[in-house]
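Asker: Protein sequence lines, in the order shown, are assigned to chains A and B. Residue numbers for the first sequence follow my numbering, beginning at 35 and rising by one. Residue numbers for the second sequence follow my numbering, beginning at 1105 and rising by one.
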Amino acid sequence: MNMIRNYLESMFAALPNTAEVRRAKDELGQMMEDKFSELIGQGVSENEAIATVISEFGNLNEIAADLGIDETIARKNADGRYAITMDVAKDYMLDINIFALRVSLGIALMILSPIMPILGGNGSMSMGLSLAGMFMLIFGGIFLIILGTSHFSKWKFIRRNPCFMDFQTYNYVENESSKFNSTYAFRLVLGIMLNCICWLPLVILVDNSSLMNRIFGSAALLGLALLFTCVAFGVMLIVDSGMIKLNYSLLLHVNDKKTISGSYGHRYQNDAGMQGGVSGQPGQPGMGAQAGQPGQSSQAGQPGQPGMGAQAGQPGQEPRNYEKLDGWGKTIVHSYWPIVTCIYLVYSFMTMHWATTWLIWPVAAAARPFVSKALKNK
Amino acid sequence: MVEISSDVIRGYTDTMILSILWDEPSYGYEISKTIRMISDGKYVIKETTLYSAFSRMEKNGYLKSFPMEDLKTGKKRTYYSMTDAGRKYYIEKCEEWELTKEVIELFIRKEGV
Chain A
35 MNMIRNYLES
45 MFAALPNTAE
55 VRRAKDELGQ
65 MMEDKFSELI
75 GQGVSENEAI
85 ATVISEFGNL
95 NEIAADLGID
105 ETIARKNADG
115 RYAITMDVAK
125 DYMLDINIFA
135 LRVSLGIALM
145 ILSPIMPILG
155 GNGSMSMGLS
165 LAGMFMLIFG
175 GIFLIILGTS
185 HFSKWKFIRR
195 NPCFMDFQTY
205 NYVENESSKF
215 NSTYAFRLVL
225 GIMLNCICWL
235 PLVILVDNSS
245 LMNRIFGSAA
255 LLGLALLFTC
265 VAFGVMLIVD
275 SGMIKLNYSL
285 LLHVNDKKTI
295 SGSYGHRYQN
305 DAGMQGGVSG
315 QPGQPGMGAQ
325 AGQPGQSSQA
335 GQPGQPGMGA
345 QAGQPGQEPR
355 NYEKLDGWGK
365 TIVHSYWPIV
375 TCIYLVYSFM
385 TMHWATTWLI
395 WPVAAAARPF
405 VSKALKNK
Chain B
1105 MVEISSDVIR
1115 GYTDTMILSI
1125 LWDEPSYGYE
1135 ISKTIRMISD
1145 GKYVIKETTL
1155 YSAFSRMEKN
1165 GYLKSFPMED
1175 LKTGKKRTYY
1185 SMTDAGRKYY
1195 IEKCEEWELT
1205 KEVIELFIRK
1215 EGV
């Protein structure tokens, strides 16, 4: 009997301690013990009974789905890779959008928070009330960011474990990702523009302050409030679309050279190119064909993608693999745009030179490939 | 010796279990034993297959589980009973099988193999 219990314990050892898993273990244990007792009752030897019970136990994979172990997470296949099926990919992409929206909205709320004391500054609100409003916005922002991050954390496994995607799913994701490109470009440009012109309302209002003061109380304060609104909305657009873009490209990265399926990943596309109707480029050995093919074209010239900026248009070059980056380099490459945003905001608020600080965006975009390259070579 | 392919039979484990539960509630091992007995030992259901079917059918509302003491041994066990939805599902599965059997039968050569 102990042998059977031990066997069951070892089978369940790696599973999470949830109510469903415990129930399954109890039920299976009950059935095994019943079978064992009956075999013993029939005069079968203990060893033989144990052997029979274990051989008729079956396979735990069969109940994995019912245990909720792989409800949201991809099924692990025999060689230890997670299969990103169409359903998983769709779930992931939906979650990316929710995640990006929550985090970017959270950041926007935090940027917006000084608006309360600013608007309160003309005497329309008591100091206490405006400060309370400010903290509410800050906490609301923090809450949204934490909510978004914790909800999305179940997808960490895609970054941490080897995965693979089938051809159809890859094409679907790639297609969705290129569809998003125009949205991404539009949002990025709009976001950067909003950040560039955020000082405009302030200047206009202060210039016409005698008129505006009569209408709004204090023109300077209103201008300042509009400045924060522009920055908040602009940053939200940049962060939201940047995060979506980054995670799409992460998903497109799951097939690497270690998989059989890697042959149609965007790094090694010769097969995909031919299957997809784009004839392979004869005369170009190996990976040389990658530039200008479907998986690649969508990514050319897009900032905001880790370790990929310099990749497009350099046929024959070993694709950069940012998993090879270690520690800090990886962090910087992964959160390049958030870091730039932080620098931009901190510097702008400290100097108040909004008219010139926006230059950080084009500079950052241009520097991006070199930064990731430098970090990788190190 | 020919064995039953688990892929084929998987679609019909529900049918077997529901057929056994049609008259009265039962528990895991008893159901497994009854399946072996009725099939004359030709099919031995694995524990995981059985539990997977229980849990799936309970989620779909075909089965209800409740703890009860075994009348003979006094051991506490999880019993399963059939719901009305389960009965409806069983009847559907039986009709499905009739059709499946009819179609597959057309492709089974009896003479001159």
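Ideal placement from N, C-alpha and C gives every residue a C-beta, glycine not left out. None of these values were measured; they are calculated from a predicted model.
1) Helix, strand or coil: which one does DSSP assign to A:A47?
2) Hey, is A:A58's beta-carbon within less than 8 Å of any beta-carbon in chain B?
3) Quick check on DSSP: helix, strand or coil for B:C1198?
4) In the stretch 126-152 of chain A, which residues sit with their C-beta less than 7 Å from some C-beta in chain B, listed in chain order?
5) By DSSP, does B:R1181 sit in helix, in strand, or in coil?
6) CB B:M1161 to CB B:G1115, shorter than 8 Å?
7) Nearest chain B C-beta to A:F177 closer than 8 Å, yes or no?
8) Would you call the stretch 273-281 of chain A and the stretch 365-377 of chain A touching, i.e. three or more CB-CB distances under 8 Å?
9) So the alpha helix (DSSP H) A:Y433 belongs to, where does it begin and stop?
10) Could you list which residues in chain D have their beta carbon closer than 7 Å to that of B:K1146, in chain order?
11) Given that a residue counts as buried once 16 or more other Cβ atoms are within 10 Å of its Cβ, and exposed if not, what is A:R193?
12) From B:G1178, B:T1153, B:E1209 and B:L1167, pick the residue whose C-alpha is nearest to that of B:S1123; which is it?
13) Cα-Cα, which of A:L234, A:L271, A:F267 and A:I272 is closest to A:A254?
14) Classify A:M270 as buried or exposed, calling it buried when 16 or more other Cβ atoms lie within 10 Å of its own Cβ.
15) Mind checking who A:C197 pairs with in its DSSP beta bridge?
16) Enumerate, from N- to C-terminal direction, the unbroken alpha helix (DSSP H) stretches of 4 or more residues contained entirely within the stretch 115-195 of chain A.
17) On the CB-based measure, 16 or more other CB atoms within 10 Å of its CB, does B:E1206 come out buried or exposed?
18) Looking at C-alpha atoms only, which residue of A:W189, A:M227 and A:E67 is the closest neighbour of A:R40?
19) May I ask you to report which of helix, strand or coil DSSP gives A:Q336?
20) Kindly list, in the order they appear in chain B, the residues whose Cβ is closer than 9 Å to that of A:M384.
21) If we count the other Cβ atoms within 10 Å of its Cβ and call it buried at 16 or more, is A:F70 buried or exposed?
22) Can you list, in chain order, the residues of its chain whose CB lies under 7 Å from that of B:S1130, leaving out five sequence neighbours each side?
23) Count the other CB atoms, across all protein chains shown, that sit within 10 Å of the CB of A:M384; report buried if there are 16 or more and exposed otherwise.
24) Between the alpha carbons of A:A83 and A:E90, how many angstroms are there, rounded?
25) Among A:A219, A:C230, A:M227 and A:L260, which one has its Cα closest to the Cα of A:L239?
26) Thinking C-alpha only, which one of B:I1121, B:E1134, B:W1126 and B:I1108 is nearest B:T1177?
27) Take A:K213 and list the residues in its own chain whose beta-carbon comes closer than 8 Å to its own, dropping the five residues that flank it on each side.
28) Assign B:D1127 to buried or exposed, taking buried as 16 or more other Cβ atoms, counted over all protein chains shown, within 10 Å of its Cβ.
29) For B:K1180, I'd like the list of residues in its chain whose CB is within less than 7 Å of its CB, leaving aside the five on either flank, ordered along the chain.
30) In the structure shown, what three-state DSSP assignment does B:Y1166 receive?
31) Please report the straight-line C-alpha distance between A:R301 and A:S283, rounded to a whole angstrom.
32) Taking only the alpha-carbon atoms, compute the straight-line gap between A:D121 and A:G75 and give it to the nearest angstrom.
33) According to DSSP, is B:S1130 part of a helix, a strand, or is it coil?
34) Helix, strand or coil: how does DSSP classify A:E72 here?
35) I'd like the list of long-range same chain contacts for B:I1108, defined as Cβ closer than 6 Å, with 5 residues on each side in sequence excluded.
36) State the beta-bridge partners of B:R1186 as determined by DSSP.
Answerer: So, from the data block:
1) Under the three-state reduction of DSSP, A:A47 is assigned to coil, being neither helix nor strand.
2) True, the Cβ-Cβ gap to chain B drops below 8 Å.
3) Note: B:C1198 maps to helix in three-state DSSP.
4) Taking 7 Å as the Cβ-Cβ cut-off against chain B, none of the residues of the stretch 126-152 of chain A qualify.
5) Judged by DSSP in its simplified three-state form, B:R1181 adopts strand.
6) No, the pair does not count as a contact, with Cβ atoms beyond the cut-off.
7) Output row for A:F177: interface = no.
8) Contact holds: three or more Cβ-Cβ distances are below 8 Å.
9) Lying outside 35 to 412, the shown extent of chain A, residue 433 of chain A is not represented and no answer is given.
10) Although the question refers to chain D, the structure presented lacks it and instead comprises the protein chains A and B.
11) With fewer than 16 neighbouring CB atoms inside 10 Å of its own CB, A:R193 falls in the exposed class.
12) Residue B:L1167 is the option with its Cα nearest to B:S1123.
13) When C-alpha distances from A:A254 are compared across A:L234, A:L271, A:F267 and A:I272, the shortest belongs to A:L234.
14) With 16 or more Cβ atoms within 10 Å of its Cβ, A:M270 is classed as buried.
15) DSSP, once it has assigned bridges, lists A:Y116 as partnering A:C197.
16) As far as the stretch 115-195 of chain A is concerned, its whole alpha helix (DSSP H) runs of at least 4 residues are 120-146, 149-153, 161-186 and 190-194.
17) B:E1206 should be labelled exposed.
18) Position check: residue 40 of chain A holds Asn in this sequence, whereas Arg was assumed. Nearest of A:W189, A:M227 and A:E67 to A:N40, Cα basis: A:E67.
19) No answer about A:Q336 holds up, because its pLDDT of 39 lies below 50 and its placement is not dependable.
20) Listed along chain B is no residue with a C-beta nearer than 9 Å to that of A:M384; the closest approach is about 57 Å.
21) Classified as buried, A:F70 has 16 or more neighbouring CB atoms from the shown chains inside 10 Å of its CB.
22) Sequence-distant partners of B:S1130 (beyond 5 residues in either direction) whose C-beta falls short of 7 Å from its own C-beta, in its chain, are I1124, Y1183 and Y1184.
23) A:M384 counts as exposed, since fewer than 16 other C-beta atoms from the protein chains shown sit within 10 angstroms of its C-beta.
24) So the two alpha carbons sit approximately 11 Å from each other.
25) Nearest option by C-alpha distance: A:L260.
26) Its Cα nearest to that of B:T1177, the residue B:E1134 stands out among B:I1121, B:E1134, B:W1126 and B:I1108.
27) Contacts found: none.
28) Under the 10 Å beta carbon count, B:D1127 is surrounded by fewer than 16 other beta carbons and is classified as exposed.
29) If we look at B:K1180 and ignore the five residues flanking it on each side, its Cβ neighbours are P1171 and E1173.
30) In the displayed model, B:Y1166 falls within coil according to three-state DSSP, outside both helix and strand.
31) Confidence at A:R301 is low in this model, with a pLDDT of 42, below 50, so the placement of that residue should be treated as unreliable; the coordinate-derived value is given next. Rounded to the nearest whole angstrom, the C-alpha separation of A:R301 and A:S283 is 12 Å.
32) Looking at the backbone, the Cα of A:D121 and that of A:G75 are separated by about 49 Å.
33) In the structure shown, B:S1130 sits in a strand (DSSP, three-state: E or B).
34) Helix, per DSSP.
35) The answer, listed in chain order, is Y1147.
36) Residue 1186 of chain B is actually Met in this sequence, not Arg. Per DSSP, B:L1167.
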